[in-house]
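K.L.:
Everything in the sequence shown is counted per the numbering used here, starting at 2 for the first residue and increasing by one.
Note that the Cβ used here is the ideal one computed from N, Cα and C, for glycine as well.
Before I ask anything, let me first share the structure, which is written out below as structure tokens.
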Amino acid sequence: MTETPDPTWYDVLDVPRDASDEEIRAAWRNSTDRFGPGTSSGQFRMFNQAADVLLDPERRAAYDRSLASSGFASEPETIPPPPEPLPEATPDGVTRDPDAPADAQSAWQRRREERRVARAQRAEARPAEPASRTQWLVAAGLAVLLLVALGVAAYYGLQARQDGQVADARAAAPTSAERAAKAVLSYDYRQLDADEERAKEYLTPSYAKEFEKTFALLKENRDGSPGAAVQTKAVVSAAVSGTGVVDAEADLVRVLLFVNQTSRKAGADPRVFQNRVAMTMKKSGDRWLVDDLKSY
2 MTETPDPTWY DVLDVPRDAS DEEIRAAWRN STDRFGPGTS SGQFRMFNQA
52 ADVLLDPERR AAYDRSLASS GFASEPETIP PPPEPLPEAT PDGVTRDPDA
102 PADAQSAWQR RREERRVARA QRAEARPAEP ASRTQWLVAA GLAVLLLVAL
152 GVAAYYGLQA RQDGQVADAR AAAPTSAERA AKAVLSYDYR QLDADEERAK
202 EYLTPSYAKE FEKTFALLKE NRDGSPGAAV QTKAVVSAAV SGTGVVDAEA
252 DLVRVLLFVN QTSRKAGADP RVFQNRVAMT MKKSGDRWLV DDLKSY
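See the structure below:
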């Protein structure tokens with residue numbers, strides 16, 4: 002190295018003009034390792050200042066140009082060093098080189114603080130959200146509970162309505178069954194057609210067709226001969242002695258009736274037949290009609 006009256010930064014660290022960054026950093030470490038923590042001596046600061054200049058590419062290039070213009074012997078052209086490893090990144094986005102000199106460390110601390118203050122200012126300026134996630138979840142939960150409550154209320158309301166309808170059916174159907182039994186189970190051989198029409202007023206259309214087939218045999222047999230009622234000149238009257246509901250729905254009720262049928266025939270004493278009759282009553286509009294009938 003060319004000797005000069007005033008030492009250069011290269012002389013301070015004892016490295017050649019074409020020294021690489023690794024060589025300069027190693028020389029800076031060797032020079033400062035003998036100083037204890039917190040040292041602020043002039044020599045310690047001089048080593049750090051030399052490293053600050055020579056480890057900064059722009060400052061080093063400007064320094065080399067100043068040396069050339071001052072008459073210092075030129076050194077061979079420096080080959081650019083290989084890329085430095087990426088410096089350590091901190092959570093706030095400011096990078097830090099652990100091997101940087103003291104002045105660089107201070108600059109890093111200053112930039113980090115500036116970033117922190119800027120973030121705090123942005124957070125204060127950000128408009129407040131209309132509602133937090135917790136508030137949204139609470140509101141959604143309350144809405145779900147409200148829907149569940151409405152559903153439960155609707156269910157029990159419907160159930161209460163159905164229960165009321167079933168109760169009404171249990172009360173109304175037996176009375177209609179009694180009237181129907183007197184009409185359907187009574188007849189007079191002298192007016193069978195009229196009795197048939199009267200009975201059909203208490204029957205559903207589907208059951209009326211079944212009733213017609215059975216009642217026709219009272220008037221005439223399949224071979225064309227007079228039917229049983231005509232042959233015996235029978236007059237039958239029915240009276241209900243008791244009723245009971247077997248099961249019930251809002252529009253369908255099964256009623257059990259205890260029926261006494263008194264039969265009077267020409268040349269014979271009256272006879273009383275005690276029957277149990279199961280009637281299926283079906284609601285049609287505001288009336289209860291017989292949809293099926295079985296005698297036991």
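Just mark T281 as buried or exposed, buried being the case when its beta carbon has 16 or more other beta carbons within 10 Å.
P.N.:
Counting from one through the sequence shown, the residue named residue 281 turns up at place 280. Burial call: buried.
K.L.:
Are S238 and T263 touching if we call contact CB-CB under 9 Å?
P.N.:
Taking the sequence shown and counting its residues from 1, the one referred to as residue 238 is at position 237. Taking the sequence shown and counting its residues from 1, the one referred to as residue 263 is at position 262. Yes, these two residues count as a Cβ contact at 9 Å.
K.L.:
Based on the DSSP secondary-structure assignment, which residues constitute the bridge partners of N276?
P.N.:
In the sequence shown, residue 276 corresponds to position 275, counting from 1. Beta-bridge pairing links N276 to V260.
K.L.:
Between V236 and the rest of its own chain, which residues show a CB-CB distance below 7 Å, the 5 nearest in sequence each way excluded?
P.N.:
Counted from its first residue, the sequence shown places residue 236 at position 235. For V236, where only same-chain residues beyond five positions count, the Cβ hits under 7 Å are D189, Y190, R265.
K.L.:
Indicate whether V299 and K183 have their beta-carbon atoms separated by less than 9 Å.
P.N.:
Since the first and last residues shown for the chain are 2 and 297, residue 299 lies out of range.
K.L.:
Whole angstroms is fine: what's the gap from E213's alpha carbon to V167's?
P.N.:
Reading the sequence shown from its first residue, position 212 is the one you call residue 213. Reading the sequence shown from its first residue, position 166 is the one you call residue 167. About 31 Å.
K.L.:
In the DSSP assignment, the alpha helix (DSSP H) including A144 goes from what residue to what residue?
P.N.:
Stepping through the sequence shown from its first residue, residue 144 is reached at position 143. Its alpha helix (DSSP H) spans residues 134 to 185.
K.L.:
Is it true that the CB of V246 sits closer than 9 Å to the CB of W289?
P.N.:
One-based indexing of the sequence shown puts residue 289 at position 288. One-based indexing of the sequence shown puts residue 246 at position 245. No, they are not a contact pair.
K.L.:
Along the chain, where does the beta strand (DSSP E) that runs through T244 open and close?
P.N.:
Stepping through the sequence shown from its first residue, residue 244 is reached at position 243. Where T244 is concerned, the enclosing beta strand (DSSP E) stretches over 236 to 249.
K.L.:
Three Cβ pairs or more, each shorter than 8 Å: is that satisfied between the stretch 220 to 232 and the stretch 268 to 277?
P.N.:
no
K.L.:
Write down the C-beta distance between V16 and F48 rounded to the nearest angstrom, noting that I regard them as a contact closer than 8 Å.
P.N.:
In the sequence shown, counting from the first residue as 1, residue 16 sits at position 15. In the sequence shown, counting from the first residue as 1, residue 48 sits at position 47. The Cβ separation is near 12 Å, so there is no contact.
K.L.:
In whole angstroms, give me the CA-to-CA distance for L204 and G142.
P.N.:
Working through the sequence shown from its first residue, we reach residue 204 at position 203. Working through the sequence shown from its first residue, we reach residue 142 at position 141. Roughly 55 Å between the two C-alpha positions.
K.L.:
Just to confirm the assignment, what range does the beta strand (DSSP E) spanning L294 have?
P.N.:
Counted from its first residue, the sequence shown places residue 294 at position 293. Taken as a continuous stretch (DSSP letters only), the beta strand (DSSP E) holding L294 covers 288 to 296.
K.L.:
Keeping to the same chain, check which residues put their C-beta closer than 6 Å to that of D248; ignore five residues upstream and five downstream.
P.N.:
What you label residue 248 is simply residue 247 of the sequence shown in a count that begins at 1. Only R255 meet the Cβ criterion.
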